[in-house]
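Numbering (our numbering), first residue to last: 1 to 551. Read the structure below first, then the notes.
In structure tokens:
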């Protein structure tokens, strides 16, 4: 009996020891080893991004030339005058408040202003030179001249300043200055177009942003491909100096756009490449035509021959020069009004452009094929340059009456046009990065068993910091820094969102974990639980036996 009691106690101690080890050591160790690692994320700062308000500020300096203000008015010219204009864009996550005008009025300057000697201004700022009516710098019917730089000339008549106080003069000039801002700086339409994919657009604004929908969305880089399509190499031996044309006409524009994105250029020649649409013969003119309705069917057959760079994820801008074969020449493109398109070209939104280049003037009665044809690259690149501006989002708005806008010059882009594009891209990048980060935070909050490693947390924190800096720089009017920070924000947010470790299928849901572990641990836990129950039962029985019996 003594031996049996000792063995029974030893068994109880063994069961208790095993249970204690399982509970104290085994369970925490199992929980720790199977726990999903989730690094810290700035959740509170991400939630604040959902209520983001953008304050865009542009400095406008108004310089009065001699003869535009009286000596008494000159003494009262204020150093600064700030005007705020608020525009709300209805959407789920954005409320854009635009503050586009801070007037800085300097003292009068010499009247012999020349556009070639105007001083340079920082990105995002404007200088408006006010000249008297008697000045010969502007033509007779022109009140405002907008140059290639960030400057404008504004003519005021003598009736505006004689007998008027300085406040009345500034109030009279304000509408014209706002018109200058609308042409040279950002506007409500520009910001609405930049947010068009992420906010609800009212029906009244849909037509105003229709042109912006043809442009490619903001990207860190773009690939530009020029393709020469020769469907009839037996008849045509084509020569095009694409390298020299790109260097002369395209590269100056891309160099000026370098703050916005990086660009790579390549070219190719495709033989026996057909448009895939049969042109119609116009017997009245002895020409072939492509109607506007058939242009949509041209791209798909050609695109299959273009190829793509699989190593790059950047958008591709395609520019195709099509030489009609001898049996369908000349070939002309007609618009919806059945009118011939002057450029004989068309473009497809967010894809590229196609130009038809007729060479029938090289044909003669005794022509021997193939014919050597030297393509006029100046004519071709003029069309492709205009299409490139549209596809990259450089919008040319119609100036108000009395305005004269200088040509963009050899660079293909005026300084103020670059600023308008930088404003739009900065806002678009901020919107995209904010949407990406908030969506990622919601996803990680809903699915708790996705691993958040330190690299993802670092990218998220970097994106949030860059967003905050971009918003601050926009408010301060530092356009260059704002664009750079917005680009860094979108790159960091996309790296975090598309990180391979965030794939939900790489991890088991909790119900699958229990389905795996229960068959493993249940056979081991049942004997321990039964032993513990037996020990508890014996302890209760002994406790009853020790109680004194009542008489």
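The beta carbon of each residue, even a glycine, is placed where N, CA and C say it ideally should be. Owing to the predicted nature of the structure, the values given are computational and were not obtained by experimental measurement.
Taken through DSSP and simplified to helix, strand or coil, residue 183 comes out as helix. Residue pairing for residue 221: DSSP places it in a beta bridge opposite 262. In summary, residue 123 is buried, with 16 or more beta-carbon neighbours lying within 10 Å of its beta-carbon over all protein chains present. For residue 422, the secondary structure class from DSSP, reduced to helix, strand or coil, is helix. DSSP lists 340 as the beta-bridge partner residues of residue 334. With fewer than 16 other beta carbons inside 10 angstroms of its own, residue 517 counts as exposed. Each residue's CA atom was taken as its position, placing residue 180 and residue 152 some 8 angstroms apart. Residue 286 and residue 235 have their alpha carbons spaced roughly 20 angstroms apart. Only residues of its own chain outside the window of five on either side were considered, and among them 225 have a CB closer than 7 angstroms to the CB of residue 266, listed in chain order.
Pairwise C-beta distances place the region 406-417 in contact with the region 248-255, as three or more of them are shorter than 8 angstroms. Ranked by Cα distance from residue 375, the first of 390, 391, 356 and 194 is 356. Between the region 49-65 and the region 127-136, the count of Cβ pairs shorter than 8 angstroms is three or higher; the stretches touch. For the set 519, 444 and 503, the Cα lying nearest the Cα of residue 40 is the one of 444.
In the DSSP assignment, residue 355 is bridged to 321 and 345. In the three-state reduction of the DSSP assignment, residue 226 falls in the strand class, which pools E and B.
Taking the CA atoms as reference points, residue 304 sits about 41 angstroms from residue 399.
In the structure shown, the three-state DSSP call for residue 454 is helix. Pairing residue 247 with residue 381, the inter-Cα distance amounts to about 11 angstroms.
In this structure, residue 467 places its C-beta atom within 7 angstroms of the C-beta atom of residue 489. Following the DSSP letters along the chain, one finds residue 293 in no alpha helix (DSSP H), marked with neither H nor E. In this structure, residue 229 sits away from residue 296, with a CB-CB distance that is not shorter than 7 angstroms.
Around residue 531, the same chain offers 15 as residues with beta carbons nearer than 7 angstroms, after the five sequence neighbours per side are excluded. Around residue 218, the same chain offers 425, 428 and 429 as residues with beta carbons nearer than 6 angstroms, after the five sequence neighbours per side are excluded. When the beta-carbon positions are compared, residue 298 and residue 270 stay at least 7 angstroms from each other.
DSSP places residue 517 in the helix class (H, G or I) of the three-state scheme. The Cβ atoms of residue 145 and residue 418 do not sit closer than 7 angstroms to each other.
In this structure, the beta-carbon distance from residue 463 to residue 433 falls below 7 angstroms. If you check the CB distance, residue 431 and residue 56 do not come in under 7 angstroms. Pairing residue 314 with residue 352 gives a Cβ-Cβ distance that is not under 7 angstroms. CA-to-CA, the gap between residue 343 and residue 390 works out to about 15 angstroms.
Residue 186 is a Cβ neighbour of residue 420, given a cutoff of 7 angstroms. Around the beta carbon of residue 143, 16 or more other beta carbons sit within 10 angstroms, so the residue counts as buried.
Per DSSP, residue 140 is not a residue of any beta strand (DSSP E), being assigned neither H nor E. Nearest to residue 501 by alpha-carbon distance, out of 451, 66 and 293, is 451. In this structure, residue 19 keeps its C-beta atom at 7 angstroms or more from the C-beta atom of residue 438. Secondary structure of residue 302 (DSSP, three-state): helix.
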